[in-house]
Amino acid sequence: MNMHIEEKALGIKSWSPEDRPREKLILKGRSSLSDAELIAILLGSGTTTLSAVDLAKKILLSADNSLHRLAHLTIKDLVKIKGIGEAKAITIIAALELGRRRKNLDADEKPKITSSKDAFDVLKSELLDIPHEEFWIVLVNRANIVLKKQRISIGGVAGTVADPKIIFKLALDELASGIILAHNHPSGNLSASVADHSLTKKLKEGAKLLDIQILDHLIIANQRYYSFADEGVL
7 MNMHIEEKAL GIKSWSPEDR PREKLILKGR SSLSDAELIA ILLGSGTTTL
57 SAVDLAKKIL LSADNSLHRL AHLTIKDLVK IKGIGEAKAI TIIAALELGR
107 RRKNLDADEK PKITSSKDAF DVLKSELLDI PHEEFWIVLV NRANIVLKKQ
157 RISIGGVAGT VADPKIIFKL ALDELASGII LAHNHPSGNL SASVADHSLT
207 KKLKEGAKLL DIQILDHLII ANQRYYSFAD EGVL
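If you count the sequence shown from 1, you need to add 6 to reach this note's numbering.
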């Protein structure tokens with residue numbers, strides 16, 4: 007009997023309409039909902055002892071209440087949480103991926119890069135939330151307007167390889183005047199390795215022969231980045 011009362015108290019249907027996530031979104035707008043309430047809408051239902059909102063709070067707690075960390079979790083990670091099956095896990099991952107892709111949509115006017123922060127903003131949607139290293143380039147014209155961004159290679163957890171021939175071919179094909187190099191460190195370490203410095207120097211010397219500038223090399227780790235240009239080591 008007591009358990010029946012507890013379950014009823016936890017059920018979203020027993021809440022005031024303006025406190026239920028779906029109804030709250032309709033009545034007050036999407037910005038009024040907490041992260042847990044938005045995730046609860048994705049879940050659709052909770053368990054026999056947890057409402058969808060409480061289950062969503064449990065999911066967030068497993069990611070230290072960080073949407074950024076939640077985006078790193080895999081289906082295998084999510085299904086370890088009691089009450090989360092494969093279908094719910096897939097729904098959460100799909101929603102977070104849509105959010106990541108939305109960030110990646112270019113505005114009608116192509117962005118202009120005037121600082122390392124601008125370059126980071128252009129690249130972060132590609133290099134955040136992935137468990138392996140990738141090497142990307144951004145090609146710009148003489149006015150530093152972005153012409154194209156392109157992934158060059160995919161590596162493992164510890165490193166990736168960037169082929170200068172591929173990089174310079176892309177730059178010549180786009181008639182680029184400048185190149186911004188970038189790769190991520192899944193470990194979160196922002197330090198540039200000896201190999202990072204060596205590759206940057208090699209590409210800078212090769213670019214001079216083609217009248218192309220290497221404008222920067224970013225190392226991206228989580229929400230932070232290291233800029234060779236800002237540090238004066240380019």
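Idealized CB from N, CA, C, for every residue including glycine. None of the values given here were measured: they were computed from a predicted structure.
* Asked: So, do the region 72-80 and the region 51-61 have three or more beta carbon pairs nearer to each other than 8 Å?
  -> no
* **Exposure of D179, with buried meaning 16 or more beta-carbon neighbours within 10 Å** => exposed
* Roughly how many angstroms separate the alpha carbons of I136 and P192, rounded to a whole number? -> 7 Å
* Asked: The alpha helix (DSSP H) spanning E29 covers which residue range?
  -> P27 to K34
* Only counting runs of 3 or more residues, tell me where the beta strand (DSSP E) segments fall wholly within the region 136-176, in order along the chain. => 140-146 and 152-160
* How far does the beta strand (DSSP E) with H191 in it reach, from first residue to last? -> Per DSSP, H191 belongs to no beta strand (DSSP E) and is neither H nor E.
* Asked: beta strand (DSSP E) containing H223: first to last residue?
  -> Q219 to A227
* Asked: According to DSSP, is G184 helix, strand or coil?
  -> strand
* CA-CA distance, I87 and S72? -> 16 Å
* Asked: Among A100, I32 and K116, which one has its Cα closest to the Cα of A149?
  -> K116
* The alpha helix (DSSP H) spanning S122 covers which residue range? -> S122 to L133
* To do: Give the range of the beta strand (DSSP E) segment to which S233 is assigned.
  => R230 to S233
* Bounding residues of the alpha helix (DSSP H) (the contiguous stretch that carries V85) -> That residue, V85, is in no alpha helix (DSSP H); it is neither H nor E in DSSP.
* To do: Would you decide whether V144 is buried or exposed? Buried here means 16 or more other CB atoms lie within 10 Å of its CB.
  => buried
* Asked: Which residue from L187, Q229 and G194 puts its Cα closest to that of L209?
  -> L187
* Classification of N195 by the beta-carbon crowding that lies within 10 angstroms, buried from 16 upward -> exposed
* **Alpha carbon of Q219 to alpha carbon of A101, nearest angstrom** => 39 Å
* Asked: How many angstroms separate the CA atom of D39 from the CA atom of F234?
  -> The question names Asp, but residue 39 is Leu in the sequence shown. Using only the alpha carbons, I get a separation of about 40 Å.
* Asked: Does DSSP put L64 in a helix, a strand or coil?
  -> The identity of residue 64 in the sequence shown is Lys, whereas the question assumes Leu. Of the three classes helix, strand and coil, the one that applies to K64 here is helix, per DSSP.
* **With 16 other Cβ atoms within 10 Å as the buried cut-off, status of R107** => exposed
* C-alpha gap between D60 and R36, whole angstroms -> 19 Å
* Asked: Cα separation between L216 and E103?
  -> 38 Å
* To do: Could you tell me which of A42, V85 and S57 sits nearest to L67, measuring between CA atoms?
  => A42
* Compute the beta-carbon to beta-carbon distance between L133 and I185, rounded to the nearest angstrom, for a pair I have assumed lies under 8 Å. => Contact flag wrong, Cβ pair sits at about 16 Å.
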